[in-house]
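Colleague: Using this note's numbering, the first residue of the sequence shown is number 151, and each one after it goes up by one.
Don't be surprised by glycine CBs; every beta carbon is placed ideally from N, CA and C.
Only a predicted model underlies this, so the values are computations on that prediction, with no experimental measurement involved.
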Amino acid sequence: MKVTVFGSGYVGLVTGVCLAEVGNDVVCIDVDQNKIDNLKKGIIPIYEPGLDDLVKNNQQAGRIKFTTDIQEAVSHGIFQFIAVGTPPDEDGAADLQYVLAVAKSIAENMDEYRIVIDKSTVPVGTADKVKAVIQKVQAERGVSIDFDVVSNPEFLKEGAAIDDFMKPDRIIVGTDNPRTAELLKALYAPFNRSHERIITMDVRSAELTKYAANAMLATKISFMNELANLAELLGADIEQVRNGIGSDTRIGYSFIYPGCGYGGSCFPKDVKALERTAQQMGYKAELLNAVENVNDRQKQVLVNKVLQHYDGNIQGKTFALWGLAFKPKTDDMREAPSRVILEALIDAGASIRAFDPEAMHEAKRIYGDKAGLTLVESADEALHGADALVVVTEWKNFWSPDFDALKNALNDAVIFDGRNLYPPALLKKQGIAYYGIGRSN
151 MKVTVFGSGY VGLVTGVCLA EVGNDVVCID VDQNKIDNLK KGIIPIYEPG LDDLVKNNQQ
211 AGRIKFTTDI QEAVSHGIFQ FIAVGTPPDE DGAADLQYVL AVAKSIAENM DEYRIVIDKS
271 TVPVGTADKV KAVIQKVQAE RGVSIDFDVV SNPEFLKEGA AIDDFMKPDR IIVGTDNPRT
331 AELLKALYAP FNRSHERIIT MDVRSAELTK YAANAMLATK ISFMNELANL AELLGADIEQ
391 VRNGIGSDTR IGYSFIYPGC GYGGSCFPKD VKALERTAQQ MGYKAELLNA VENVNDRQKQ
451 VLVNKVLQHY DGNIQGKTFA LWGLAFKPKT DDMREAPSRV ILEALIDAGA SIRAFDPEAM
511 HEAKRIYGDK AGLTLVESAD EALHGADALV VVTEWKNFWS PDFDALKNAL NDAVIFDGRN
571 LYPPALLKKQ GIAYYGIGRS N
């Protein structure tokens, strides 16, 4: 099938290349000429395991093409995916200007039936706005061309996006047109072979499903972080509590790991956007507000532990910081806890030596030559001259360090563990002061 994808960022590129991988003829369009030029050369703008090989292989096979030509893109595919950004406005609401701009471009250039598919995470009612834009432009053109607008939200985890697309838990298709639903089922048939994964529903329900999923997962994280803080006060160990409640199949083990807060491009933005949607409807979403507030507070927990250990004075101290990305297997630092932590420590007079396996270029882009921050080439190099270690992201190569070497490298032999990677009892035996999240030392 012929498919067009507007946007060659995270969602658009993964969507386009995975659809190409199963044999479709895909055109990805972006307004960023430099990005398109790089993609044509095989230079990928994001880090995602396996993505670069998929792009290269499908380009060589002629199944995916990159362009900035809008007319070419609209003429190409019956399926027109909108996968552009929806950044938050100042009030937290999703900014739809890019989504609606794409809708306008499609309407200006279409000359036959098209299925316009909202792949971006958008508020409830966006499909109606997209439809209205296309109808308005058609009226201005003096034409009446059949089209449908579908909500088909993505459920991609950064670091596992290829597997998530190729082996989805579910494929949500929001449409009121049975014919359109069948066409989408045909498009997604290669990903739906072992058992039925496609769930069809009305458009507004599909739009809300995406926000509801991310808000639920964010809620689980904030709930566990709230419990972790309480566990410390009670002298309990949140890791033992986690095992105890996770064994209940009604709860499960997913997303109940306490830590120093969630980040990324989805959870913070989507919780805010859903909360804003509720406000617009005159409803006070108190739980969503609490989820956000708990997460904001949790990003300060490690900073508070550091200040408490050093009696409030870290002037002149140097901290090794392991992990800058908001989670492993990505280079994404949007809303990352590392940013709050390192900025707070530097503001308090400390210096930071930071390392991340994939996010160093992103950290350099964000911070440049920021005073007090040194970006280094390895975890071991981060320890050179450091007084203490702060662990922020749970990359696997941080899980089993040489604790004897760690102790010798650190001037003060203290670890602040924001992801509960290390057993407190073992570090105590090693003579290392240890601060985790919700741990009984």
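Name the residue from P318, Y412, E376 and A336 whose alpha carbon lies nearest to the alpha carbon of N364.
Modeller: Residue 364 sits at position 214 when you count from the first residue of the sequence shown. The candidate whose alpha carbon is nearest that of N364 is Y412.
Colleague: Note down, one range per segment and in chain order, each alpha helix (DSSP H) of at least 4 residues found wholly within the stretch 504-534.
Modeller: Runs found: 510-517 and 529-533.
Colleague: Distance check for P408 and E374, CA to CA, integer angstroms please.
Modeller: Taking the first residue of the sequence shown as 1, we reach residue 374 at position 224. Taking the first residue of the sequence shown as 1, we reach residue 408 at position 258. Before going further, note that residue 374 is Met rather than Glu in the sequence given. Spanning the two alpha carbons is a distance of roughly 5 Å.
Colleague: Which residue from Q183, D175 and G173 puts its Cα closest to that of G159?
Modeller: On the sequence shown, residue 159 is found 9 positions in, with the first residue counted as 1. The candidate whose alpha carbon is nearest that of G159 is Q183.
Colleague: Helix, strand or coil: which one does DSSP assign to Q230?
Modeller: Numbered from its first residue, the sequence shown carries residue 230 at position 80. Here Q230 sits in strand by DSSP.
Colleague: Give the straight-line distance between the Cα atoms of P318 and E258, rounded to the nearest whole angstrom.
Modeller: Locating residue 318 in the sequence shown gives position 168, counting from the first residue. Locating residue 258 in the sequence shown gives position 108, counting from the first residue. Taking the straight line joining both Cα atoms gives about 34 Å.
Colleague: Near K489, what residues of its chain come up, given a Cβ to Cβ distance below 7 Å and the 5 sequence neighbours on each side ignored?
Modeller: Counted from its first residue, the sequence shown places residue 489 at position 339. Residue identity differs from the one stated: residue 489 is Arg in this sequence, not Lys. So the qualifying residues of the chain are M483.
Colleague: Can you tell me which residues form a DSSP beta bridge with S301?
Modeller: Locating residue 301 in the sequence shown gives position 151, counting from the first residue. In the DSSP output, where bridge partners are listed per residue, S301 has D268 and G324.
Colleague: Cutting at 6 Å between CB atoms, please list the residues of its own chain near A498, excluding the five before and the five after it.
Modeller: Along the sequence shown, one-based indexing puts residue 498 at 348. The residues are I464.
Colleague: State the Cα-Cα distance for the pair N379 and T217, rounded to the nearest angstrom.
Modeller: As a first step, residue 379 is located in the sequence shown; it is residue number 229 there, counting from the start. As a first step, residue 217 is located in the sequence shown; it is residue number 67 there, counting from the start. Taking the straight line joining both Cα atoms gives about 50 Å.
Colleague: With a threshold of 6 Å on Cβ separation, who are the neighbours of S225 within its own chain once the five nearest residues in sequence on each side are excluded?
Modeller: Here residue 225 refers to the residue found at position 75 when the sequence shown is read from its first residue. Nothing listed; no residue qualifies.
Colleague: Use the C-beta contact count for V541: other C-beta atoms within 10 angstroms, 16 or more gives buried, fewer gives exposed.
Modeller: Here residue 541 is taken as the residue at index 391 of the sequence shown, counted from 1. V541 comes out buried.
Colleague: A356 and V323 - do their beta-carbons sit closer together than 8 Å?
Modeller: By one-based count along the sequence shown, residue 323 stands at place 173. By one-based count along the sequence shown, residue 356 stands at place 206. Contact flag set, yes.
Colleague: Have a look at K370, I267, P340 and F469 and flag the residue whose alpha-carbon is nearest the alpha-carbon of V249.
Modeller: Walking along the sequence shown from the start, residue 249 turns up at place 99. Ranking K370, I267, P340 and F469 by Cα distance to V249 puts I267 first.
Colleague: What is the residue span of the alpha helix (DSSP H) that L471 lies within?
Modeller: In the sequence shown, counting from the first residue as 1, residue 471 sits at position 321. Per DSSP, L471 belongs to no alpha helix (DSSP H); it is in the beta strand (DSSP E), T468 to W472.
Colleague: On the criterion of 16 or more Cβ atoms from any shown chain inside 10 Å, does M260 qualify as buried, or is it exposed?
Modeller: What you label residue 260 is simply residue 110 of the sequence shown in a count that begins at 1. Buried: at least 16 other Cβ atoms inside 10 Å.
Colleague: Taking Cβ positions, are D298 and N342 nearer each other than 8 Å?
Modeller: Here the question's residue 298 lines up with position 148 in the sequence shown. Here the question's residue 342 lines up with position 192 in the sequence shown. Not in contact: D298 and N342 (Cβ atoms no closer than 8 Å).
Colleague: Enumerated in chain order, which unbroken segments of the beta strand (DSSP E) with a length of 3 residues or greater are wholly contained in the stretch 341-391?
Modeller: Entirely contained in the stretch 341-391, the beta strand (DSSP E) runs reaching 3 residues are, in chain order, 348-351.
Colleague: Assign L437 to buried or exposed, taking buried as 16 or more other Cβ atoms, counted over all protein chains shown, within 10 Å of its Cβ.
Modeller: Position 287 of the sequence shown holds residue 437. When all chains shown are included, L437 counts as exposed.
Colleague: Assuming contact is defined by CB atoms lying nearer than 8 Å, are K279 and E304 in contact in what I supplied?
Modeller: In the sequence shown, residue 279 corresponds to position 129, counting from 1. In the sequence shown, residue 304 corresponds to position 154, counting from 1. It is not a contact, given that the beta carbons lie outside the stated cut-off.
Colleague: Looking at C-alpha atoms only, which residue of G568, G588, K152 and D554 is the closest neighbour of K578?
Modeller: Here residue 578 refers to the residue found at position 428 when the sequence shown is read from its first residue. Looking at the Cα atoms, D554 is the closest of the given residues.
Colleague: Just list the residues that DSSP pairs V155 with in beta bridges.
Modeller: Along the sequence shown, one-based indexing puts residue 155 at 5. DSSP output for V155 lists C178 and F231 as bridge partner(s).
Colleague: Which same chain residues, not among the five before or five after A475, have their C-beta less than 7 Å away from its C-beta?
Modeller: Reading the sequence shown from its first residue, position 325 is the one you call residue 475. Around A475: D481, D482, M483, A486, D506, E508, A509 and T543.
Colleague: With distances taken Cα to Cα, identify the nearest neighbour of N443 among A428, K422 and Q429.
Modeller: As a working mapping, residue 443 is identified with position 293 in the sequence shown. It is K422.
Colleague: Please say whether V205 and I194 have beta carbons closer to each other than 8 Å?
Modeller: The residue given as residue 194 occupies position 44 in the sequence shown. The residue given as residue 205 occupies position 55 in the sequence shown. Yes.
Colleague: Looking at the strands, I want to know which residues DSSP matches up with F566.
Modeller: In the sequence shown, residue 566 corresponds to position 416, counting from 1. Note: F566 sits in a beta bridge opposite V540 and Y585.
Colleague: Among A362, L334 and P340, which residue has its Cα nearest to the Cα of T350?
Modeller: Start at 1 with the first residue of the sequence shown, and residue 350 comes out as number 200. Measuring from the Cα of T350, the nearest candidate turns out to be L334.
Colleague: For V164 versus E198, is the C-beta spacing smaller than 8 Å?
Modeller: Start at 1 with the first residue of the sequence shown, and residue 164 comes out as number 14. Start at 1 with the first residue of the sequence shown, and residue 198 comes out as number 48. In this structure, E198 lies closer than 8 Å to V164 by Cβ.
Colleague: What does a CB cutoff of less than 7 Å around G227 pick up in its chain, not counting 5 residues either side in sequence?
Modeller: For the purposes of this step, residue 227 is taken as residue 77 along the sequence shown, with counting starting at 1. These residues qualify, in order along the chain: K152, V153, T154 and V177.
Colleague: Give the straight-line distance between the Cα atoms of G94 and E171, rounded to the nearest whole angstrom.
Modeller: Nothing in the structure corresponds to residue 94, since the chain is present only between 151 and 591.
Colleague: What would DSSP say about K254, mapped onto helix, strand or coil?
Modeller: For the purposes of this step, residue 254 is identified with residue 104 of the sequence shown, where counting begins at 1. Looking at K254 - three-state DSSP - the assignment turns out to be helix.
Colleague: CA-CA distance, K477 and F417?
Modeller: As a position in the sequence shown, residue 477 is number 327, starting the count at 1. As a position in the sequence shown, residue 417 is number 267, starting the count at 1. Distance between the alpha carbons of K477 and F417 is about 12 Å.
Colleague: Tell me which residues share the same chain as L523 and place their Cβ nearer than 7 Å to its Cβ, disregarding the 5 neighbours each side in the sequence.
Modeller: Position 373 of the sequence shown, counted from the start, is the residue given in the question as residue 523. Taken in chain order, the residues that qualify are L492, I496, I502, A504 and Y517.
Colleague: Helix, strand or coil for P199 per DSSP?
Modeller: Taking the sequence shown and counting its residues from 1, one reaches residue 199 at position 49. P199: coil per DSSP, three-state reduction.
Colleague: Which of the three DSSP states, helix, strand or coil, is assigned to K185?
Modeller: Reading the sequence shown from its first residue, position 35 is the one you call residue 185. If DSSP states are grouped into helix, strand and coil, K185 belongs with the helices.
Colleague: Apart from the five residues just before and just after Q448, which ones in its own chain have a Cβ nearer than 7 Å to its Cβ?
Modeller: What you label residue 448 is simply residue 298 of the sequence shown in a count that begins at 1. Cβ neighbours of Q448 beyond the five flanking positions: N375, C410 and G411.
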